[in-house]
Amino acid sequence: MTAAIPSTALVDSDATAKGRTGRLGRMDQRAGIARARLARPWTSLLAVVLAILWTIPTFGLLLTSFRPRSEIRTSGWWTFLQNPETTLDNYTEVLFGSGTQFSTFFVNSVVITIPAVVIPISLALLAAYAFAWIDFKGRNILFVAVFALQVVPIQVTLIPLLTQYVQWGLSGSFWTIWLSHSIFALPLAIFLLHNFMKDIPKSLVEAARVDGAGHVTIFFRVLLPLLTPAIASFAIFQFLWVWNDLLVALTFAGGSPDVAPLTVRVAELAGTRGAQWHVLSAGAFIAMIVPLVVFLMLQRFFVRGLLAGSVKG
Amino acid sequence: MDWLINAGSTGHKFVLMFVAIMLFVVVMGAILLAVDRPKRVPGWVVAAAFLGPTVIGLGFGLVYPGLRTVWGSLLDSKGKDYVGLENYVRVFSEDQFQTVLRNTLMWVILVPLLATLIGLVYAVLVDRTRFEYLAKTLIFLPMAISMVGAGIIWKFVYEFRPDQPGVNQIGILNQLLVWLGLPPQQFLLSEPANTLFLIAVMIWIQTGFAMTVLSAAIKAIPDDIVEAARLDGLHGTKMFRFITVPSIRPALVVVVTTIAMGTLKVFDIVRTMTGGNFGTSVVANEFYVQSFRIRDLGLGAALAVILFVLVIPLVIYNVRQLRIAEEIR
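Chains as they are written, first to last, in numbering that gives the first Met the number 0: chain A, 0 to 312; chain B, 0 to 328.
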């Protein structure tokens with residue numbers, strides 16, 4: 000609204016100053032502006048309705064997770080105002096109850112996620128640097144090959160990898176998940192970071208080289224500080240992807256409480272205790288809270304990564 | 000050795016995590032130190048040091064398993080005897096898999112189109128309004144939630160209670176039906192509508208992505224174009240149709256194909272909400288069922304390869320469109 004008014008006013012005065020009527024007559028133009036102003040509240044209303052529609056499902060489950068078990072079973076969450084009773088029992092039961100053990104699975108999620116974010120980003124940075132700033136034979140072919148590997152769906156790799164891990168005696172350990180997530184992230188990470196790295200002016204790198212800096216020095220001293228925003232945005236990407244992953248964890252960790260992350264546990268509960276909404280709702284929100292906080296705090300970076308990823312490649 | 004593989008207690012897990020990261024740092028550090036002598040080390044050695052771990056990882060984790068699976072799709076259920084294209088014939092002829100293919104088709108057509116359409120309309124609606132930031136965050140929020148979490152959120156929306164006196168609905172959608180005087184529905188059980196209700200969840204998640212990318216593209220349309228169109232008398236829907244949509248065509252292509260690729264591979268939603276029962280399975284879910292539950296390795300591999308084949312044209316189209324867009328620029 001605020002932005003629309005000056006621009007239409009400008010058009011108006013422009014037209015009178017030059018005595019130009021354009022394709023529309025003056026009256027028509029006025030009518031057009033009036034219509035635009037009238038239309039604005041309706042479009043705003045539509046936008047608000049959509050935003051509410053998008054939020055209600057999550058809000059309903061969140062409210063439910065704080066209601067007593069008996070209430071959840073017998074009435075909908077929208078009756079909350081008639082009978083506002085809240086409790087933290089659901090969360091206590093889910094986190095520490097022996098039947099659900101969410102605290103254990105929460106730890107697993109953290110332990111899985113940190114290396115699965117740090118390792119692929121480090122590897123991808125080195126690889127992207129090599130593709131961008133080191134001359135060697137077959138560079139372009141190799142880069143295209145790495146880029147093309149984005150095509151491979153994870154599903155295609157699971158069974159052979161699992162067989163291999165069993166042979167190595169690694170099956171059912173964190174190593175299999177760390178390794179798999181790291182590898183799966185590499186093609187996209189290399190591609191994105193390479194795009195950012197290419198944007199850094201050549202003269203900067205060359206100046207450092209003239210000063211006698213080797214590749215490692217250039218990488219850490221010159222490039223790394225400039226790349227921090229790009230690294231942050233991909234790190235958030237990878238964090239959300241690993242934390243929210245079900246397929247990889249299910250395949251390599253099974254349901255074992257020693258390794259399996261929260262998503263696996265929540266999915267299990269949805270299967271076995273589908274009607275117990277007090278457990279499910281609280282469980283779902285425990286699994287969601289970390290990615291939601293990260294997302295809300297670092298939304299700016301996340302969006303930047305998204306735009307670089309989708310608009311460039 | 001066992002200490003490094005099996006971690007039972009919380010402390011042990013964190014120590015193990017720390018060990019893993021340190022191991023990685025030490026190995027990478029050693030490699031880098033070895034090559035960081037300017038002028039004395041030839042370029043290809045440095046390149047090998049920087050790229051080696053990545054190439055080995057990709058070869059081990061993507062290339063070899065991919066080829067192995069393509070081969071595996073030509074073997075029998077135990078992965079031993081060669082059976083030619085038998086697995087593929089089964090997928091394309093048996094009734095059970097016909098449903099799976101039909102559902103996958105519905106997913107991959109409806110999700111990208113509807114998510115992009117809603118995302119686009121929404122991006123235009125909130126563009127330059129006072130509550131733009133908040134409105135966008137609300138729509139975008141489901142992107143941060145796992146598909147498992149989203150599945151549970153929507154399972155609750157669809158929750159059904161039998162229509163008897165004294166029984167209240169606890170799912171909002173059925174309550175709305177009851178308020179309207181209609182009987183409550185088993186949304187997730189009645190075939191084939193249940194697939195549509197699952198698809199709605201994916202649209203709910205992906206719209207935020209479409210909106211964000213398209214909103215950025217809309218903001219990048221030069222002001223003078225918009226201004227000129229306005230002088231020519233374009234407003235509202237006409238502006239949208241003749242200026243906004245053509246200007247952001249490359250972004251639209253990227254969004255549609257990206258969402259389509261993601262949709263093809265998704266299985267968490269189906270698994271969480273129906274387990275693939277009641278005729279809701281899709282290729283990605285059926286792959287999991289065949290490979291890990293029924294243990295028909297050949298069939299599972301064939302399904303994975305089908306997924307692979309379906310993704311390829313999308314990626315090629317996407318890359319080609321980008322090339323064209325870049326040439327214009």
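All C-beta atoms, glycine included, are put in the ideal place defined by N, C-alpha and C.
- Residues of chain B with a Cβ closer than 9 Å to the Cβ of A307 (chain A) do not exist; the shortest Cβ-Cβ separation is about 10 Å.
- In the assembly as shown, W77 (chain A) is an exposed residue. Its beta-carbon has fewer than 16 other beta-carbons within 10 Å.
- Within 9 Å of the CB of S121 (chain A), the CB atoms of chain B belong to F23, V24 and M27, in sequence order along the chain.
- Chain B places no beta carbon closer than 8 Å to that of Y90 (chain A), leaving this residue out of the contacts.
- In the DSSP assignment, L74 (chain B) is bridged to B:Y81.
- For chain A, the residues of the stretch 51-63 of chain B that bring a beta carbon within less than 8 Å of one of its beta carbons are P52, T53, V54, G56, L57, F59, G60, L61, V62 and Y63, in chain order.
- In the structure shown, D94 (chain B) falls within a helical segment according to DSSP collapsed to helix, strand and coil.
- Residue environment analysis places R67 (chain B) among the buried positions, since at least 16 neighbouring C-beta atoms fall within 10 angstroms of its C-beta.
- Across the set B:G118, B:R322, B:N102 and B:D162, the C-alpha of B:N102 shows the shortest separation from the C-alpha of G275 (chain B).
- Taking 8 Å as the cut-off, the Cβ atoms of F196 (chain B) and Y157 (chain B) count as close.
- Within chain B, the residues G60, L61, P64, G65 and T68 have their CB atoms less than 8 Å from the CB of T156 (chain A), given in chain order.
- Taking 8 Å as the cut-off, the Cβ atoms of I120 (chain A) and Q237 (chain A) count as close.
- Using beta-carbon distances, Y128 (chain A) counts as an interface residue toward chain B, with a partner under 8 Å.
- Around S172 (chain A), the beta-carbon contacts reaching into chain B at under 7 Å are I4 and N5.
- In this structure, the beta-carbon distance from M16 (chain B) to V293 (chain A) does not fall below 8 Å.
- The beta carbon of Q298 (chain A) falls within 8 Å of a beta carbon belonging to chain B, placing the residue at that interface.
- Residue-level contact by beta carbon holds for S43 (chain A) and chain B, with a gap shorter than 8 Å.
- Taking a beta-carbon distance threshold of 8 Å, A303 (chain B) counts as an interface residue toward chain A.
- For L62 (chain A), the closest of A:G75, A:L52, A:L161 and A:A248 by C-alpha to C-alpha distance is A:G75.
- For the stretch 256-277 of chain B, the beta-carbon criterion of a distance under 9 Å to any beta-carbon of chain A is satisfied by T257, M260, L263, K264, F266, D267, R270, T271, M272 and G274.
- D210 (chain A) sits in coil when the DSSP states are folded into three classes, being neither helix nor strand.
- For the stretch 66-95 of chain B, the residues whose beta carbon sits under 9 Å from a beta carbon of chain A are, in order, L66, R67, T68, V69, G71 and G78.
- With respect to the 8 Å criterion, A209 (chain B) and I258 (chain B) are classified as neighbours on the basis of their beta carbons.
- C-alpha of G42 (chain B) to C-alpha of S214 (chain B): approximately 43 Å in a straight line.
- Counting other Cβ atoms within 10 Å of its Cβ, S255 (chain A) stays below 16 and is therefore classed as exposed.
- Just measuring C-alpha positions, the residue of B:V244, B:L113, B:L296 and B:I117 sitting nearest V48 (chain A) is B:I117.
- If you ignore the 5 residues before and after T262 (chain A), its C-beta comes within less than 7 Å of the C-beta of N243, D244, L245, A248 and A286, all in its own chain and listed in chain order.
- Judged by their CB atoms, D126 (chain B) and I217 (chain B) are nearer to each other than the 8 Å cut-off.
- A check of alpha carbon separations from A207 (chain A) across A:N194, A:F104, A:L222 and A:T73 identifies A:L222 as the nearest.
- Sixteen is the threshold: since fewer than 16 other Cβ atoms of the shown chains lie within 10 Å of the Cβ of M296 (chain A), the residue is exposed.
- At a C-beta separation below 7 Å, L188 (chain B) has no neighbours in chain A, since its nearest C-beta there lies roughly 12 Å away.
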